[in-house]
Amino acid sequence: MAKRKMRAAGFVPRHTVQAATRLLPGSTRDRYRQEFLAELYGLGRARQLHHALGVLSRSWALRAAINTPTEATAADLEIVFPRRRGPLSCRLNLRHRWATLRTEDGKPYLRCQRCGKDETDIWGGNKSGREFDGVSPSPGTYAGLGGTGGAT
Amino acid sequence: MADQLRMTLPTQFVLRALLADPQAELYGVEIGEAAGLPSGTVHPILARLEGLRWVQSRWEDIDPKVEGRPARRYYRLTAAGAQAARTALAEAYQSKRRVHLPRPVAEPS
Numbered sequence: 005m006a007k008r009k010m011r012a013a014g015f016v017p018r019h020t021v022q023a024a025t026r027l028l029p030g031s032t033r034d035r036y037r038q039e040f041l042a043e044l045y046g047l048g049r050a051r052q053l054h055h056a057l058g059v060l061s062r063s064w065a066l067r068a069a070i071n072t073p074t075e076a077t078a079a080d081l082e083i084v085f086p087r088r089r090g091p092l093s094c095r096l097n098l099r100h101r102w103a104t105l106r107t108e109d110g111k112p113y114l115r116c117q118r119c120g121k122d123e124t125d126i127w128g129g130n131k132s133g134r135e136f137d138g139v140s141p142s143p144g145t146y147a148g149l150g151g152t153g154g155a156t
Numbered sequence: 015m016a017d018q019l020r021m022t023l024p025t026q027f028v029l030r031a032l033l034a035d036p037q038a039e040l041y042g043v044e045i046g047e048a049a050g051l052p053s054g055t056v057h058p059i060l061a062r063l064e065g066l067r068w069v070q071s072r073w074e075d076i077d078p079k080v081e082g083r084p085a086r087r088y089y090r091l092t093a094a095g096a097q098a099a100r101t102a103l104a105e106a107y108q109s110k111r112r113v114h115l116p117r118p119v120a121e122p123s
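First to last, the protein sequences are chains A and B. In short: position in the first sequence from 1, add 4, done, that's the numbering used here. In short: position in the second sequence from 1, add 14, done, that's the numbering used here.
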């Protein structure tokens with residue numbers, strides 16, 4: 005017996021993700037087209053459109069990632085941590101968007117989602133005085149300091 | 015000569031989302047939600063990680079007519095990729111510099 009159908013992909017989101025895949029190499033186009041269409045199922049109408057536009061906006065980056073050659077003979081991988089300057093408010097330490105992350109051993113720390121600075125980089129320690137609540141980290145968490153919505 | 019991976023913050027968030035349960039398989043929307051990233055952002059990152067063999071993907075094994083939807087593409091960290099991701103994220107916490115890791119070996123499919 006067939007299960008209840010999820011919300012199908014709408015006309016505009018469907019054609020938006022198809023347009024996004026036109027930029028991709030021919031060998032991967034079908035795969036990503038199917039993948040993006042499958043992701044639309046079950047989402048609400050507005051969310052489908054939002055997702056499709058997000059896919060379209062990142063289609064050039066996806067094309068670049070697919071086309072980036074990986075050397076089969078390379079013995080090692082170089083990981084580069086790009087320097088993030090962030091917006092002016094971050095560089096002047098006026099306002100950061102803190103997210104609570106955890107180290108390998110579970111110790112919590114704060115890192116700005118926009119410039120990548122750690123709280124210890126600025127204050128040399130936990131000056132906020134906040135008690136970490138031990139909740140698992142969520143990169144989307146906006147952990148304000150001092151109750152002022154993130155101002156430092 | 016080394017391959018290069020730019021450990022941007024979105025990349026770190028995707029790796030953390032996958033490392034939350036290394037054995038679990040997630041599809042693109044789930045990874046984006048877990049990482050707190052906008053829609054579409056994760057796919058270039060996943061493509062790059064897949065090229066470096068940190069992540070492997072497969073099609074969901076379902077009957078679309080029964081499920082009422084197309085099969086999804088699920089992603090999972092490889093064993094070597096999980097270890098490399100932990101090392102890279104630990105380095106990201108400690109300092110921002112270049113790190114060289116042994117290249118992950120392809121796992122038998």
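Cβ atoms here follow ideal geometry from the backbone N, Cα and C, with glycine treated the same way.
Residue-level contact to chain B via CB, residue i, 8 Å cutoff
| i | result |
| --- | --- |
| Arg-101 (chain A) | no |
| Arg-26 (chain A) | no |
| Ser-31 (chain A) | no |
| Leu-81 (chain A) | yes |
| Ala-50 (chain A) | no |
DSSP beta-bridge partners of residue i
| i | result |
| --- | --- |
| Arg-89 (chain B) | Looking at the sequence provided, one finds Tyr at residue 89 (chain B) rather than Arg. Per DSSP, B:Leu-40 and B:Ser-71. |
| Ala-103 (chain A) | A:Arg-115 |
Within 8 Å, strictly: CB atoms of residue i and residue j
| i | j | result |
| --- | --- | --- |
| Arg-101 (chain A) | Cys-116 (chain A) | yes |
| Gly-46 (chain B) | Val-56 (chain B) | yes |
| Arg-20 (chain B) | Val-16 (chain A) | no |
| Leu-103 (chain B) | Arg-30 (chain B) | yes |
| Leu-44 (chain A) | Arg-26 (chain A) | no |
Residue closest to residue i, alpha-carbon to alpha-carbon, out of the options
| i | options | result |
| --- | --- | --- |
| Leu-98 (chain A) | A:Arg-118, A:Lys-111, A:Gly-110 and A:Val-84 | A:Arg-118 |
| Ala-23 (chain A) | A:Ala-103, A:Arg-51 and A:Arg-62 | A:Arg-62 |
| Tyr-36 (chain A) | B:Asp-75, B:Leu-60 and B:Ala-99 | B:Leu-60 |
| Glu-82 (chain A) | B:Asp-35, B:Gln-37 and B:Ala-99 | B:Ala-99 |
| Arg-67 (chain A) | A:Glu-123, A:Ala-103 and A:Leu-28 | A:Leu-28 |
| Asp-122 (chain A) | A:Glu-108, A:Gly-110, A:Asp-109 and A:Ala-103 | A:Ala-103 |
Three-state secondary structure assigned by DSSP to residue i
| i | result |
| --- | --- |
| Gln-117 (chain A) | coil |
| Pro-112 (chain A) | strand |
| Ile-4 (chain A) | The first residue shown for chain A is 5 and the last is 156, placing residue 4 (chain A) beyond what the model contains. |
| Arg-20 (chain B) | strand |
| Asp-122 (chain A) | strand |
| Met-10 (chain A) | coil |
| Leu-60 (chain A) | helix |
| Asp-77 (chain B) | coil |
| Leu-51 (chain B) | coil |
| Gly-90 (chain A) | coil |
| Thr-74 (chain A) | coil |
8 Å Cβ cutoff, residue i in contact with chain A
| i | result |
| --- | --- |
| Ala-61 (chain B) | yes |
| Arg-20 (chain B) | yes |
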